[in-house]
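As they're listed, the protein sequences go chains W and G. Residue 115 in the numbering used here is what sits at position 29 of the first sequence, and the numbering runs on without skipping anything. Residue 110 in the numbering used here is what sits at position 24 of the second sequence, and the numbering runs on without skipping anything. Even for Gly, the Cβ is constructed at its ideal location relative to N, Cα and C. No experiment lies behind these values; they were computed from the predicted model shown. So the structure is just underneath, and the comments pick up after that.
There are 2 protein chains.
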Amino acid sequence: MSVQTLLMDFSIDPARLGDESGQKAVFSQLETVLKDYVPNLILAAEVAVDGGSLKLLTGKKGTTVSVRLFDRGLVTVNIEYYKEDSEEPLISFKNTKLLEGSVRISLECERVKLLPTIKRGYKFDVYLTSSDERLLEYDIDNVVFDEQSPFQRVQIVHSKSLGNMLVLDDLQNISEADLIYTETLMQRGKENYEGKEIVILGGGDGALLYELLKEKPKFVWMLEIDEVVMSACNKHLRPICGDVLERRKGPNYEIIVEDCMLTINKFIKEGKKVDYIFGDLTDIPISESACGELWEFMITILNSSFKILKPDGKFMTHGNGATSSESLELYEQELAKLKPAVSFSKSRAFVPSFLEDWIFYQISFSANNGA
Amino acid sequence: MSVQTLLMDFSIDPARLGDESGQKAVFSQLETVLKDYVPNLILAAEVAVDGGSLKLLTGKKGTTVSVRLFDRGLVTVNIEYYKEDSEEPLISFKNTKLLEGSVRISLECERVKLLPTIKRGYKFDVYLTSSDERLLEYDIDNVVFDEQSPFQRVQIVHSKSLGNMLVLDDLQNISEADLIYTETLMQRGKENYEGKEIVILGGGDGALLYELLKEKPKFVWMLEIDEVVMSACNKHLRPICGDVLERRKGPNYEIIVEDCMLTINKFIKEGKKVDYIFGDLTDIPISESACGELWEFMITILNSSFKILKPDGKFMTHGNGATSSESLELYEQELAKLKPAVSFSKSRAFVPSFLEDWIFYQISFSANNGA
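In structure tokens form, the structure reads like this:
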């Protein structure tokens, strides 16, 4: 079952909506068109609102149609009905195109737009959001895992084009189609990990650890807090993480399941320093100012990380969507405040499961900038 | 100006919506939450509908809120208001997240979803559709060209991530970020065009002609009907078409502005045959059966094209989105009917401006399959 919501809107000369009789005439023409698509349509309520009016119609099987006439020259039409999975839609995709055309001709409007039908309350949610708050409908056709961990909602969904995909608190994280994400994060081919000591902060999907181990590092510590993420990925994202989450430790790696700050602080106390640190925790928060819990958490981690990094070491991390320039600038301002000073380079890659370009940072101590 | 539509829905135990008093209690709780986000909210109408009820509220500045209670355990909330471009939204993105959380806690529902705000009637339309009818919001921030030609609506819009993009009848066609489209269509690096004779059917954006000319063909005839597309692309898509649309002809190419069938029939009459034909016209139509105007047009073109193709020639064309398997199968069934028989290979590439994988065909006469 799901509720189908059809959103249509069209622009007409504001003069036609200027008074009550004009609005009535427009509505009456529209009603005639709609009756061809929604059976048994009758007017149920009329409400005068600031800047226009709203008419409410009901039709077959509890279908509701709300028509909002804005006297500034815009009309919105929302059609909503309940559909069992086995039922055909009330208005097929082909008929939505016909409806759009009928409105254009009958109402003599230049611009009319009908969005693809929005599905609500369906057994799987197909709508995710880009870093710049855009609505994206994915070709998700199954939910293979869904559990609330102590830290976040952990879902693995299946997409026809991306394969299995990890979704954390409604944010797309990584899919089977995202090797480019890991390779850009680690700058494969540009960085040499052989014989190096590496710390991964987060990385619960296992993909980064799996790819790093192929490069023969001396040792990798992966510090991940969420057991649920790891067991879900171990089961449903094997192509990207192999058996590293299953085995948990090997001759040259260990996954430590706790708050990453514990191990960082232990390393600081011991004077232990490593060659590479990967920041693979939460994305940089999107907000107008660098404040709030997430930012403070991120800044604390950043500061502490550099204390366990060798002078010629590198901190590698993902940033944000390439179009989220404000958030990226705030992050770079935080980097500029670090002591000792750091400098950074950036890489950019289109990440299939994000449906957008992503920015990755490679940060090192400024004194070693030329190295 | 634009109308902002916020769509929220949540699932609750159907028992709570089983009778009128239950629905009233749920609605009352919801109303309390909504009042914190929409000022001056008052109940304006109540309508009983098949399978539930609908309540209509109005608020500040003509805001309307419709609440639909489905007795099957689903509630949809649609908030709609008019916004001048200079005004701040009534509910910011951050507050939509807070509203979602408030509803989850206050209504004690496990699942609640609030989509990013939908913008309607805005000066540029940011919503396009994937080949499999999915809703995609693009980061379009300008319309640089918009004209109705005798054949189609021709728009060039600007996207923050893709650069300028050609949109024909609301379908994304090609952008400045889509060299991969042209290179996969022509199988660059696999096919040798040097000294070859080539016909392009369509190709009005000029990108294919521009790239083919770099491979030193003997001659290219480009048969494009829409003058408006060419002048728009010549002006606004220079990085992908260079000056080929400006010059119209050169020592080894000519653009013929008319129905492509005229030149195809002329070549048939003359017995003229070429090495390559590119089908760069409309996409394969998406429909359940291979009928309708567009399909007939496509099949006619296909049949005629093979009459002007050398025995070892190739017909290269784009197919459809990789997830539109039905449409691709229908196309392949049409190929199977061709006489003399043909065989084909397929390529696949993610096309940035389509935000999905696309299928491309390379078709040749079966007798030469092994060549």
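Nearest residue (CA-CA) to residue i, options the options
i: W/Y167; options: W/L214, W/I191, W/P125, W/V198; result: W/P125
i: W/L388; options: W/C195, W/L441, W/E310, W/L424; result: W/L424
i: G/K359; options: G/S390, G/I266, G/E186; result: G/S390
i: W/V32; options: W/S216, W/H244, W/S431; result: Shown here, chain W extends from 87 to 457; a query on residue 32 of chain W therefore has no answer.
i: W/G159; options: W/V285, W/P175, W/R197; result: W/R197
i: G/L458; options: G/T144, G/L254, G/A130, G/E186; result: Residue 458 of chain G lies beyond the stretch modelled for chain G, which goes from 87 to 457, so this question has no answer here.
i: W/K276; options: W/K432, W/V112, W/F436; result: W/K432
i: W/T162; options: G/D99, G/D171, G/T150; result: G/T150
i: W/P121; options: W/E173, W/V133, W/I165, W/R333; result: Before going on, a small fix: residue 121 of chain W reads as Lys here, not Pro. It is W/I165 whose Cα lies nearest to the Cα of W/K121.
i: W/G148; options: G/D136, G/I326, G/S114; result: G/D136
i: W/K352; options: W/F436, W/L309, W/F96; result: W/L309
i: G/Q115; options: G/A134, G/W444, G/C195, G/K180; result: G/C195
i: G/P175; options: G/N406, G/Y123, G/T118, G/T270; result: G/Y123
i: G/V343; options: G/I266, G/L201, G/W307; result: G/W307
i: G/E283; options: G/Y362, G/G357, G/V437, G/R333; result: G/Y362
i: W/V207; options: G/D256, G/H322, G/S97; result: Per the sequence shown, the amino acid found at residue 207 of chain W is Gly instead of Val. Nearest of G/D256, G/H322, G/S97 to W/G207, Cα basis: G/S97.
Secondary structure of residue i, DSSP reduced to three states
i: G/Y224; result: coil
i: G/S216; result: coil
i: G/N278; result: coil
i: G/I372; result: In this prediction, G/I372 has a pLDDT of 48, which is less than 50 and means its spatial position is unreliable; nothing more can be read from the coordinates.
i: W/N320; result: helix
i: W/Q273; result: coil
i: G/I286; result: strand
i: W/Y81; result: Given that chain W is displayed from residue 87 to residue 457, the structure contains no residue 81 of chain W and the question cannot be resolved.
i: G/G187; result: helix
i: W/G365; result: strand
i: G/S107; result: helix
i: G/A457; result: Its pLDDT being 43, under 50, G/A457 is placed unreliably by the model, and the measurement read from it follows with that caveat. If DSSP states are grouped into helix, strand and coil, G/A457 belongs with coil.
i: G/A293; result: helix
i: W/E344; result: coil
i: G/F237; result: coil
i: W/N338; result: coil
i: W/G249; result: strand
i: G/M402; result: strand
i: W/I385; result: helix
i: W/T149; result: strand
i: G/L257; result: strand
Contact set for residue i: own chain, Cβ-Cβ below 8 angstroms, skip 5 residues either direction
i: W/N455; result: Here the model assigns W/N455 a pLDDT of 48, short of 50, so the residue's position is not dependable, and the following value carries that caveat. Excluding sequence neighbours, W/N455 sits near S429.
i: W/Q63; result: Given a span of 87 to 457 for chain W in the structure shown, any question on residue 63 of chain W remains unanswerable.
i: G/E374; result: Summary for G/E374: the model assigns pLDDT 48, below 50, so the residue's position carries little reliability; its value from the coordinates is reported in the next sentence. Once the five neighbours on either side are set aside, the close Cβ partners of G/E374 are E412.
i: W/I354; result: S390, K393, I394
i: W/T203; result: Q90, T91, L92, P175, I177, F179, T182
Sequence-distant residues of the same chain with beta carbon closer than 6 angstroms to residue i, five excluded per side
i: W/M347; result: none
i: W/G365; result: L287, T403
i: G/E297; result: T268
i: W/L142; result: A130, A131, S152
i: W/A427; result: S452
Chain C contact for residue i (CB, 8 angstroms cutoff)
i: W/E415; result: You won't find chain C in this structure, because its protein chains are W and G.
Own chain residues within Cβ distance below 7 angstroms of residue i, not counting five before or after
i: G/K205; result: S88, Q90, V212
i: G/L441; result: S216, L222
i: W/K335; result: I341
i: W/T144; result: I128, A130, T150
i: W/S439; result: L248, M251, Q258, I260, S261, A263, D264
Closer than 7 angstroms: residue i CB and nearest the ligand COA heavy atom
i: W/N320; result: Annotation note on the ligand COA: not contained in the displayed structure, which lists no ligands.
(message) Tell me whether the segment 396-411 of chain W and the segment 186-195 of chain W touch, counting them as touching only if at least three CB pairs, one residue from each stretch, are closer than 8 angstroms.
(response) Contact between the segment 396-411 of chain W and the segment 186-195 of chain W is absent, because fewer than three Cβ pairs lie under 8 angstroms.
(message) Three Cβ pairs or more, each shorter than 8 angstroms: is that satisfied between the segment 294-303 of chain W and the segment 212-228 of chain W?
(response) Result no; under three Cβ-Cβ pairs closer than 8 angstroms.
(message) When you compare the segment 398-406 of chain G with the segment 434-448 of chain G, are there three or more beta-carbon pairs, one atom per stretch, that lie closer than 8 angstroms?
(response) A contact exists between the segment 398-406 of chain G and the segment 434-448 of chain G.
(request) Compile a chain-ordered list of the residues in the segment 179-206 of chain G whose CB is closer than 7 angstroms to at least one CB of chain W. (result) Result list: F179, K199, L201, P202, I204, R206.
(request) May I ask you to verify whether the segment 311-319 of chain W touches the segment 236-247 of chain W, counting CB pairs closer than 8 angstroms and requiring at least 3? (result) Judged by Cβ distances under 8 angstroms, the segment 311-319 of chain W makes contact with the segment 236-247 of chain W, as three or more pairs qualify.
(message) Please list, in chain order, the residues of the segment 164-175 of chain W that have any C-beta partner in chain G closer than 7 angstroms.
(response) Sequence-ordered contacts of the segment 164-175 of chain W with chain G read N164, E166, Y168 [C-beta pairs closer than 7 angstroms].
(message) Closer than 8 angstroms is the cut-off here; do at least three beta carbon pairs connect the segment 251-261 of chain G with the segment 287-294 of chain G?
(response) Yes: at least three Cβ pairs fall under 8 angstroms.
(message) By the 9 angstroms beta-carbon criterion, what residues does the segment 423-453 of chain G contribute toward chain W?
(response) Result list: F436, P438, L441, E442, D443.
(request) Anything in the segment 139-164 of chain W with a Cβ closer than 7 angstroms to a Cβ of chain G? List those residues in chain order, please. (result) Cβ contacts with chain G come from L140, L142, T144, K147, G148, T150, S152, R154, F156, R158, L160, T162, N164.
(message) If the cut-off is 7 angstroms on Cβ atoms, which residues from the segment 212-243 of chain W count as contacting chain G, listed in chain order?
(response) Closer than 7 angstroms at the C-beta level to chain G, one finds these residues of the segment 212-243 of chain W: Y213, T215, D218, E219, R220, L221, L222, E223, D225.
(message) So if I threshold CB-CB distances at 8 angstroms, which residues from the segment 117-138 of chain W count as touching chain G?
(response) Hits within the stretch, in order: A130, A131, V133, V135, D136, G137, G138.
(message) Taking beta-carbon pairs under 8 angstroms, can you tell me which members of the segment 392-409 of chain G lie near chain W?
(response) Within the segment 392-409 of chain G, the qualifying residues are A408, T409.
(request) Would you list, in chain order, the members of the segment 89-117 of chain G that have their beta-carbon closer than 7 angstroms to a beta-carbon of chain W? (result) Answer in chain order: V89, T91, L93, D95, S97.
(request) Would you list, in chain order, the members of the segment 258-282 of chain G that have their beta-carbon closer than 8 angstroms to a beta-carbon of chain W? (result) For the segment 258-282 of chain G, which is checked against every Cβ of chain W, not one residue is closer than 8 angstroms.
(request) Quick one: which residues of the segment 245-256 of chain W get their C-beta closer than 7 angstroms to a C-beta of chain G? List them in chain order. (result) Cβ contacts with chain G come from K246, S247.
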